[in-house]
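Okay, structure first, notes after.
So this is what it looks like as structure tokens:
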């Protein structure tokens, strides 16, 4: 768990609840309440009191933050042998923490050994020991470089990123530019100079892309898609012959990763980096250069004036206020991560910002309302608009018709809003490449037809709702819900109605989520005219057979399609996904397919999708095990298979010899009748991860030893396996040393005998750390501290 240098306590508490107890627990605490810091802290302490936990707090900076976290967010007396580990750069902080410990221990992490440092540099530069053996000069310069780098991993990776694109003959000139003090004094300032050197060696087209990342807060997980779309909108991406802007932008992202200017955060099953973070030392350099070049201005909670400055990009990390003296006519992007000011604050669609190209409110800590976007047509240079709200707090219920004036718009992202349809004016936006518009999924709070009395009373009392008797902060949400309910006829669909004329958007590559029931047959037919479409998501619940057949024909025309999602949640509605069996020529390049609804049988054409990497099947009610293996088993590139929510109604599921030769991840969820999962000899040779939830495997998991690449078996909520002790012993005996992870207390499982605690320390590790507190004894916490450089660590055990 990352602790930012200046973190918002409320946000940290939310992160902790989410990490400990899941998204649903956090949503329950936030929903319908005026959330206070004390309430979240009380919930945390109460829930953790009787649980054994191990928490890592990364990069703590001061003793006040430590005291608050320890005393406010955690129970004062937990007798379960719990641990808190803190990593910090401050030796004094480590010592203060250790004073409280019954068994104090400070551990200084040593720099790399020379051989390890050389190996790291060679790997980063894509060279080998053999190359050094064949080139004496290369060995000499490599040895000199790792020595001068102070044997620090970040320095070596940063230098390696520069060397990777150069011939060995050029390495000496780079060596000469490495700060001398790195070797003798591994200080932060020396590292900053090292990072500055790397920045200076970036190609010109990457410098703006790199500095642009200073928009995001410290330790923020930056999504590849989000930042690439924004680079394109800002004009940073130079399109090359034969490649799309997206392909070039993605190559820029990969280049920054390869140069170690950004750090991979989330990597998908194919090895593609989907998100990144910026090392705090690198970010310090990034912010300093951005400020010096008037490139990015980060507005915190202070009201420091920047009059006479002409920054191109503004990011609000604190309260969004207007007292920053900004000349908005020069601003090209606004990104909000903070809260709205209680007093006057700048409109998010002000005419003063008429040169704006990117407007991003995805992480704003306030409710975006219909009023906020009513003047969006004034910002005619906009190319990127992101009003998505992952928390579901948005009160936007309609796109203004003036959006048709944004002729350069490429990306429109309005997820989790109250919007039920796209206006016809959107068909004028010929440059649109991506439209993500989804409805919020939540129960109707004021106008729920399942509670007709309450619905009627609230409708009759609408005038009263807008008097001082009712909290005015709820007004936008009341209006939004009423509009959503009435315009969608109280539909629960996540999708939105798309207008006739959608086929004119020939550049469109992403479209989600389309409500087929409420979209006209003509508009559905036009989906087949979107020849560049790569990702399509639709919901078909309540749709007529005729419309589903029109959709079927349209899908077959989408030859560029890479990802298809079809949802029909209403099992008892009489509408199924069996119309998909009619498909005769599916999109040949499909890599991701998600079908949620009753199919009866797996369509035969699924077996022809030779490029398919990810497949999710839910609620399909398959009865014959043989069909699953016959159709899915031979898929040559399938890596991720998820079967869930009534997909299969049999008691045994056996993975046959020779099947699923590239499968790496298997998810089984809510197969109520499944009792046995079996892996035969020679099946799934690449399978590394098995995840099981909401299943009672009374006969257990058989054949774990047949999976040579297995790394982890995870039993999620209500994931039960008979004789857990036997499964644990099989996992322990596995030559690949996989782990067994449980999301629930062991007492909830059929242990079937005595077994060592899952995940407990080995005999070797126990000699390095104090013994865990016995039940009834005091708990311990671990504080990890990082001094003088980013690689010197101190570990302190102290009582909680």
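Numbering (my numbering), first residue to last: 296 to 1095. From the three backbone atoms N, C-alpha and C, an ideal C-beta is built for every residue, glycine too.
Check: What three-state label does DSSP hand residue 906 in the structure shown?; Outcome: coil
Check: Which residues bound the beta strand (DSSP E) around residue 1007?; Outcome: 1007–1010
Check: With a threshold of 6 Å on Cβ separation, who are the neighbours of residue 833 within its own chain once the five nearest residues in sequence on each side are excluded?; Outcome: 809, 811 and 861
Check: Quick one: what's got a C-beta closer than 8 Å to residue 436's C-beta in the same chain, skipping five residues either side?; Outcome: 463, 466, 467 and 470
Check: The alpha helix (DSSP H) that contains residue 338, what's its start and end?; Outcome: 332–343
Check: Grab me the residues of residue 1064's own chain with a C-beta within less than 6 Å of its C-beta, minus the 5 sequence neighbours each way, in chain order.; Outcome: Residue confidence for residue 1064 is low, a pLDDT of 34 falling below 50, so the modelled location carries little weight; the figure read from the coordinates is stated next. For residue 1064, where only same-chain residues beyond five positions count, there are no Cβ hits under 6 Å.
Check: Using a Cβ-Cβ cut-off of 6 Å (strictly less than) and excluding sequence neighbours within five positions of residue 1058, which residues of its own chain qualify?; Outcome: Since pLDDT at residue 1058 reaches only 30, below the 50 mark, its modelled position is unreliable, and the value read off the structure follows with that caveat. Within the same chain, residue 1058 has no close Cβ partners at all.
Check: Could you have a look at residue 771 and say whether DSSP puts it in helix, strand or coil?; Outcome: helix
Check: What first and last residue would you give for the beta strand (DSSP E) that runs through residue 653?; Outcome: 653–655
Check: For residue 982, tell me which candidate among 362, 503, 846 and 959 has the shortest Cα-Cα distance.; Outcome: 959
Check: Assign residue 583 to one of two classes, buried (16 or more other C-beta atoms within 10 Å of its C-beta) or exposed (fewer than that).; Outcome: exposed
Check: Strictly under 7 Å for the Cβ-Cβ distance: is residue 611 near chain D by that measure?; Outcome: In the displayed structure, chain D is absent; only one protein chain is listed.
Check: Of the residues 685, 520 and 573, which one's Cα is nearest the Cα of residue 546?; Outcome: 520
Check: What ranges does the alpha helix (DSSP H) occupy inside the segment 817–862, keeping only unbroken runs of at least 4 residues that lie completely in it?; Outcome: 840–851
Check: Curious, which full-length alpha helix (DSSP H) runs of at least 4 residues does the segment 429–489 contain?; Outcome: 431–443, 448–458, 466–472 and 476–479
Check: Select from 517, 876, 802 and 817 the residue whose C-alpha is nearest the C-alpha of residue 795.; Outcome: 817
Check: Specify the secondary structure class of residue 380 as computed by DSSP and reduced to three states.; Outcome: strand
Check: Since residue 406 and residue 446 are thought to touch, with beta carbons under 8 Å apart, how far apart are those beta carbons, to the nearest angstrom?; Outcome: 4 Å
Check: Give every residue of the same chain whose Cβ lies closer than 7 Å to the Cβ of residue 347, excluding the five residues on either side of it in the sequence, and list them in chain order.; Outcome: 375, 376 and 377
Check: Roughly how far, in whole angstroms, is the beta-carbon of residue 608 from the beta-carbon of residue 591, given that I think they are within contact range, below 8 Å?; Outcome: 5 Å
Check: Nearest to residue 561 by CA position, among 516, 922 and 635, is which residue?; Outcome: 516
Check: Ordered along the chain, which non-local residues of its own chain (more than five positions away) have a Cβ less than 6 Å from that of residue 772?; Outcome: 690
Check: Pull up the DSSP beta-bridge partners for residue 984, would you.; Outcome: 960 and 1007
Check: Which value, in whole angstroms, describes the spacing of the CA atoms of residue 969 and residue 341?; Outcome: 36 Å
Check: Do residue 244 and residue 389 have their CB atoms nearer than 7 Å?; Outcome: The question about residue 244 has no answer, for the chain in this structure spans 296 to 1095.
Check: List the DSSP bridge partners of residue 625.; Outcome: Answer by DSSP bridge pairing: none, since residue 625 is not bridged.
Check: Out of 1033, 1016, 943 and 1012, state which residue places its alpha-carbon closest to the alpha-carbon of residue 316.; Outcome: 1012
Check: Just mark residue 939 as buried or exposed, buried being the case when its beta carbon has 16 or more other beta carbons within 10 Å.; Outcome: buried
Check: Go ahead and pull the three-state DSSP assignment for residue 1044.; Outcome: coil
Check: Just how far apart, CA to CA, sit residue 472 and residue 334?; Outcome: 54 Å
Check: Find the nearest neighbour of residue 873 within the set 886, 900 and 622, judged by alpha-carbon distance.; Outcome: 900
Check: Answer yes or no: do residue 855 and residue 829 have a C-beta to C-beta separation smaller than 7 Å?; Outcome: yes
Check: Whether or not the segment 500–519 and the segment 642–651 are in contact is what I'm after, with contact meaning three or more pairs of Cβ atoms, one per stretch, closer than 8 Å; do they touch?; Outcome: no
Check: Quick check on the burial criterion: 16 or more other C-beta atoms within 10 angstroms. Buried or exposed for residue 979?; Outcome: buried
Check: Quick one: using the 10 Å Cβ neighbour count with 16 as the cut-off for buried, is residue 840 buried or exposed?; Outcome: exposed
Check: Measure the C-alpha to C-alpha separation of residue 628 and residue 686 and round it to an integer number of angstroms.; Outcome: 23 Å
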